[in-house]
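Novice: Residue 503 in the working numbering sits at position 484 of the sequence shown, and the numbers go up by one each step. Sharing a structure, written as structure tokens. Questions coming.
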Amino acid sequence: MSDDQNTPAGPDLTQGVAIADLLDGKLVGHVGDRAVLLVKTGDDIFAVDAFCTHYHGPLAEGLVTGTTIRCPWHHACFDLRSGEATCAPAFAPLDVWQVERTGDRIVVRDKRSAAPSSAASSPAPRPRTIVIVGAGAAGFAAAEMLCRRGYDGRLTMIGQEASLPVDRPNLSKDYLAGSAPEDWLPLRSEDFYRDSEIGLRLGQQVAAIDPDARAVTLADGETLVFDALLLATGAAPVRLPIPGGADDRIFTLRSQADCRAIIDAAATARRVLVVGASFIGLEVAASLRTRGLDVHVVAPEARPMERVLGAAMGDFVRALHEQHGVVFHLGDTVVRYDGRRATLKSGVAIDADLVVEGVGVKPRLDLAERAGLVLDRGVVVDQFLRTSAPGIYAAGDIARWPDPHSGAHIRVEHWVVAQRQGQVAALNMLGEKTAFDAVPFFWSQHYDVPINYVGHAEEWDEIVVEGSIAGKDCLLRYRKGGRQLAVASIFRDLASLTEEAGLEQAAHRA
20 MSDDQNTPAG
30 PDLTQGVAIA
40 DLLDGKLVGH
50 VGDRAVLLVK
60 TGDDIFAVDA
70 FCTHYHGPLA
80 EGLVTGTTIR
90 CPWHHACFDL
100 RSGEATCAPA
110 FAPLDVWQVE
120 RTGDRIVVRD
130 KRSAAPSSAA
140 SSPAPRPRTI
150 VIVGAGAAGF
160 AAAEMLCRRG
170 YDGRLTMIGQ
180 EASLPVDRPN
190 LSKDYLAGSA
200 PEDWLPLRSE
210 DFYRDSEIGL
220 RLGQQVAAID
230 PDARAVTLAD
240 GETLVFDALL
250 LATGAAPVRL
260 PIPGGADDRI
270 FTLRSQADCR
280 AIIDAAATAR
290 RVLVVGASFI
300 GLEVAASLRT
310 RGLDVHVVAP
320 EARPMERVLG
330 AAMGDFVRAL
340 HEQHGVVFHL
350 GDTVVRYDGR
360 RATLKSGVAI
370 DADLVVEGVG
380 VKPRLDLAER
390 AGLVLDRGVV
400 VDQFLRTSAP
410 GIYAAGDIAR
420 WPDPHSGAHI
430 RVEHWVVAQR
440 QGQVAALNML
450 GEKTAFDAVP
460 FFWSQHYDVP
470 INYVGHAEEW
480 DEIVVEGSIA
490 GKDCLLRYRK
500 GGRQLAVASI
510 FRDLASLTEE
520 AGLEQAAHRA
């Protein structure tokens, strides 16, 4: 947390302020040494923490819709009445203060006790045993929501990685760049799982799922029975076969162990070759440039990120990286790497001490396939994230769901989408019927430039640009047949939130 967030600013709210001082319905002040945000919505006035509990985004710059406030940075949502983090990527609640209103003045009093999360309201009996297969974004979010809603049955989460569930976006961003300490990575400490009575089984493989017997078999032969199961196995990085016998110098980035291995290799390296101009590939490039390495990027496409963001944004991203010293070799591939030198298809040779592949991921579908679940380029789920097998749900990178915004069945590989699906799956395992209708959202960081994207546009026939891409102040609208499907933006956080809310409202009207 920055010093600015620890330093009281604005008026002392315990001394009172005029309602007229709440410009656009918000005012940042302080109570003691705590920064507090006043929010007026309708006839109600609330006092909450001024900063998001995720990455400490300034909520005064966010969007208020009803009694919800949305963080401008990564679109977490909070209930202004209770402070509850209602929508990932934030999980911890905001503190809330009592507000007294006398005439045209507002006085903030003592901090209120945290309101308990509302329990699941379904009359259906809760499952006695729940198993979560996968300890990534969706799996963690589901376990956290189950605990938040007072689930008191047996809850087991199985992860094949040895580390606690981590904040994976940080692996290619601040942590890899060396600007975030390792203790930022875990989404929760070991104490959380112990105190919440979550049976955390790390470093274990699931060998099979039997939907009829409602049982999970681990690789060591142990069997766990379940009444409800969430399949959240995520995705595995694609590895391109590169001849040359230097596999120990070729890395992918998915886990905390992967990131540590790259950092260790980079410590004695001078130059790195990044294969792939994907979001992960270019975030790795930016992070390793921050560490002072020479970085070359090889990719078969003509522009980085053009398939997702379009030509103009792709040209901007390339120019941004080139300004920071990255050398691109586009329209090319690696045909050999011997641990010291990479040879490209074009014949160019590049001396490189290590190679990082960032060419995409593949959903881990083997368990679902062997269990006989219906697949279609992912695990097919309904609007409640139920698979074709009773009692089994799927969320995250493997799930293909009916998206009310695009009108199509889609599967996306976004961190926030996976977390929000995990939350919805948890509610439905508790007997609620909550449809997953969140607008897909992701963010990508390149040096000091964030790119936010809301919606889902696999193809478009028009991109409308507002503002200046080169000036790092823009919003791009992706349309097909006159219908807006998605929006990308740079430093237009409030506009991004507004567009997200508009897409939500349009889907609810449809």
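Note that CB positions come from ideal geometry on N, CA and C, so glycine has one too.
Counting only runs that start and end within the segment 185-225, where is the alpha helix (DSSP H) found for 4 or more residues in a row?
Specialist: Correct list: 188-191, 193-196 and 209-214.
Novice: Please report how far the alpha carbon of Asp-231 lies from the alpha carbon of Ala-413, in whole angstroms.
Specialist: As a working note, residue 231 is residue 212 in the sequence shown. As a working note, residue 413 is residue 394 in the sequence shown. Their backbone Cα atoms lie some 17 Å apart in a straight line.
Novice: Terminal residues of the continuous alpha helix (DSSP H) containing Arg-167?
Specialist: Taking the first residue of the sequence shown as 1, we reach residue 167 at position 148. Taken as a continuous stretch (DSSP letters only), the alpha helix (DSSP H) holding Arg-167 covers 156-167.
Novice: Which of helix, strand or coil does DSSP assign to Trp-434?
Specialist: Taking the sequence shown and counting its residues from 1, the one referred to as residue 434 is at position 415. Helix at Trp-434.
Novice: DSSP on Val-179, reduced to helix/strand/coil?
Specialist: Numbered from its first residue, the sequence shown carries residue 179 at position 160. Looking at the sequence shown, residue 179 is not Val but Gln. Gln-179 falls in the coil class under three-state DSSP.
Novice: Can you find the residues in the same chain that come closer than 6 Å, C-beta to C-beta, to Ser-568, ignoring five residues on each side of it along the sequence?
Specialist: The displayed coordinates of the chain run from 20 to 529. Any statement about residue 568 would go beyond what the structure contains.
Novice: Does DSSP put Cys-71 in a helix, in a strand, or in coil?
Specialist: Looking up residue 71 in the sequence shown gives position 52. Correct three-state label for Cys-71: coil.
Novice: Less than 7 Å between C-beta atoms, sequence neighbours within five positions excluded: which residues of the same chain meet that for His-73?
Specialist: Within the sequence shown, numbered from 1, the residue matching residue 73 stands at position 54. Counting only Cβ-Cβ distances below 7 Å, and skipping sequence neighbours, we find Cys-90, His-93, Ala-95, Pro-108 and Ala-109.
Novice: Round the Cβ separation of Asp-357 and Arg-290 to the nearest angstrom and send it over; I've been treating them as touching at under 8 Å.
Specialist: In the sequence shown, residue 357 corresponds to position 338, counting from 1. In the sequence shown, residue 290 corresponds to position 271, counting from 1. In fact, because the Cβ distance is near 14 Å, the residues do not count as touching under 8 Å.
Novice: Contact check, Ile-151 vs Ala-251 under 8 Å by CB: the rounded distance?
Specialist: Taking the first residue of the sequence shown as position 1, residue 151 is located at position 132. Taking the first residue of the sequence shown as position 1, residue 251 is located at position 232. Ile-151 to Ala-251, Cβ: 6 Å. Contact.
Novice: Out of Val-316, Met-332, Ala-331 and His-343, which one is the CA nearest neighbour of Arg-308?
Specialist: The sequence position of residue 308 within the sequence shown is 289, counting from 1. Cα-wise, what sits closest to Arg-308 is His-343.
Novice: Can you tell me where the beta strand (DSSP E) holding Arg-360 begins and where it ends?
Specialist: Working through the sequence shown from its first residue, we reach residue 360 at position 341. It spans 360-363 - the beta strand (DSSP E) in which Arg-360 sits, taken as one unbroken run.
Novice: Is Ser-306 helix, strand or coil by DSSP?
Specialist: Position 287 of the sequence shown, counted from the start, is the residue given in the question as residue 306. Looking at Ser-306 - three-state DSSP - the assignment turns out to be helix.
Novice: With Leu-494 as the anchor, note down where its beta strand (DSSP E) starts and where it stops.
Specialist: Locating residue 494 in the sequence shown gives position 475, counting from the first residue. It spans 492-499 - the beta strand (DSSP E) in which Leu-494 sits, taken as one unbroken run.
Novice: For the segment 43-130, which segments carrying the beta strand (DSSP E) assignment without a break, of at least 3 residues, lie completely within its bounds, in sequence order?
Specialist: Complete beta strand (DSSP E) runs here, min 3: 45-50, 53-60, 63-68, 82-84, 87-89, 96-98, 104-106, 115-121 and 124-130.
Novice: Helix or strand or just coil, what does DSSP make of Thr-406?
Specialist: In the sequence shown, counting from the first residue as 1, residue 406 sits at position 387. Three-state DSSP puts Thr-406 in coil, outside helix and strand.
Novice: Would you list the one or two residues that DSSP bridges to Arg-290?
Specialist: Taking the sequence shown and counting its residues from 1, the one referred to as residue 290 is at position 271. DSSP lists Asp-313 as partners of Arg-290.
Novice: Which residue marks the beginning of the alpha helix (DSSP H) containing Tyr-283, and which one marks its end?
Specialist: In the sequence shown, the residue the question calls residue 283 occupies position 264. Residue identity check: residue 283 is Asp in the sequence provided, not Tyr. Note, Asp-283: alpha helix (DSSP H), 275-285.
Novice: With a threshold of 8 Å between beta-carbons, can Leu-449 be considered close to chain D, or not?
Specialist: No chain D is present in this structure, which holds just one protein chain.
Novice: Can you find at least 3 beta carbon pairs, one from the segment 326-343 and one from the segment 238-251, that sit closer than 8 Å?
Specialist: With the cut-off at 8 Å, the segment 326-343 and the segment 238-251 do not touch.
Novice: When you compare only the Cα positions, how much space is there between Leu-386 and Gln-179?
Specialist: Here the question's residue 386 lines up with position 367 in the sequence shown. Here the question's residue 179 lines up with position 160 in the sequence shown. Those two C-alpha atoms are separated by around 13 Å.
Novice: Alpha carbon to alpha carbon, how far is Asp-40 from Thr-148?
Specialist: Locating residue 40 in the sequence shown gives position 21, where the first residue counts as 1. Locating residue 148 in the sequence shown gives position 129, where the first residue counts as 1. So the alpha carbons of these two residues sit roughly 52 Å apart.
Novice: Considering only the alpha carbon of each residue, which of Gly-222, Phe-245 and Leu-221 lies closest to Asp-229?
Specialist: Here the question's residue 229 lines up with position 210 in the sequence shown. Here the closest residue by C-alpha is Phe-245.
Novice: Are there 16 or more other CB atoms within 10 angstroms of the CB of Pro-262, so buried, or fewer, so exposed?
Specialist: Position 243 of the sequence shown, counted from the start, is the residue given in the question as residue 262. Burial call: exposed.
Novice: Rounded to whole angstroms, what is the Cα-Cα separation between Met-20 and Pro-27?
Specialist: As a working mapping, residue 20 is identified with position 1 in the sequence shown. As a working mapping, residue 27 is identified with position 8 in the sequence shown. Model confidence at Met-20 stands at a pLDDT of 43, short of 50, so the residue's coordinates are unreliable; what they give is reported in the following sentence. Rounded to the nearest angstrom, the two C-alpha atoms are 14 Å apart.
Novice: Is the number of C-beta pairs between the segment 112-132 and the segment 49-56 that are closer than 8 Å three or more?
Specialist: With a cut-off of 8 Å, the segment 49-56 and the segment 112-132 count as touching, because enough Cβ pairs lie within range.
Novice: Which runs of the beta strand (DSSP E) at least 3 residues long sit entirely within the segment 456-491? Give them in chain order.
Specialist: Counting whole runs of 3 or more residues, the segment 456-491 contains the beta strand (DSSP E) stretches 460-465, 468-474 and 481-487.
Novice: Would you decide whether Pro-409 is buried or exposed? Buried here means 16 or more other CB atoms lie within 10 Å of its CB.
Specialist: Your numbering for residue 409 matches position 390 in the sequence shown. By the 10 Å Cβ count, Pro-409 comes out exposed.
Novice: Can you tell me where the beta strand (DSSP E) holding Glu-376 begins and where it ends?
Specialist: For the purposes of this step, residue 376 is taken as the residue at position 357 of the sequence shown. Its beta strand (DSSP E) spans residues 373-376.
Novice: Which residue wins for smallest C-alpha separation from Gly-501, given the options Asp-267, Val-483, His-428 and Leu-42?
Specialist: The residue you call residue 501 lines up with position 482 of the sequence shown. Nearest of Asp-267, Val-483, His-428 and Leu-42 to Gly-501, Cα basis: Val-483.
Novice: What are the boundary residues of the beta strand (DSSP E) that Arg-258 is part of?
Specialist: Mapped onto the sequence shown, residue 258 falls at position 239. Where Arg-258 is concerned, there is no enclosing beta strand (DSSP E), given that its DSSP letter is neither H nor E.
Novice: Using a threshold of 8 Å, state whether the C-beta atoms of Ala-368 and Arg-359 are closer than that.
Specialist: To locate residue 368, count along the sequence shown from 1; it is residue 349. To locate residue 359, count along the sequence shown from 1; it is residue 340. Cβ atoms of Ala-368 and Arg-359: not closer than 8 Å.
Novice: Tell me the DSSP bridge mates of Val-533?
Specialist: Past the edges of the chain, shown from 20 to 529, lies residue 533, and the structure says nothing about it.
Novice: For the beta strand (DSSP E) that contains Arg-419, what are its first and last residues?
Specialist: Translated into the one-based positions of the sequence shown, residue 419 becomes position 400. Taken as a continuous stretch (DSSP letters only), the beta strand (DSSP E) holding Arg-419 covers 418-421.
Novice: Report the rounded CA-to-CA distance for Asp-370 versus Gln-438, giving the unit in angstroms.
Specialist: The residue given as residue 370 occupies position 351 in the sequence shown. The residue given as residue 438 occupies position 419 in the sequence shown. So the two alpha carbons sit approximately 40 Å from each other.
Novice: Mapping the DSSP letters down to three states, classify Ala-39 as helix, strand or coil.
Specialist: Here residue 39 is taken as the residue at index 20 of the sequence shown, counted from 1. It is helical.
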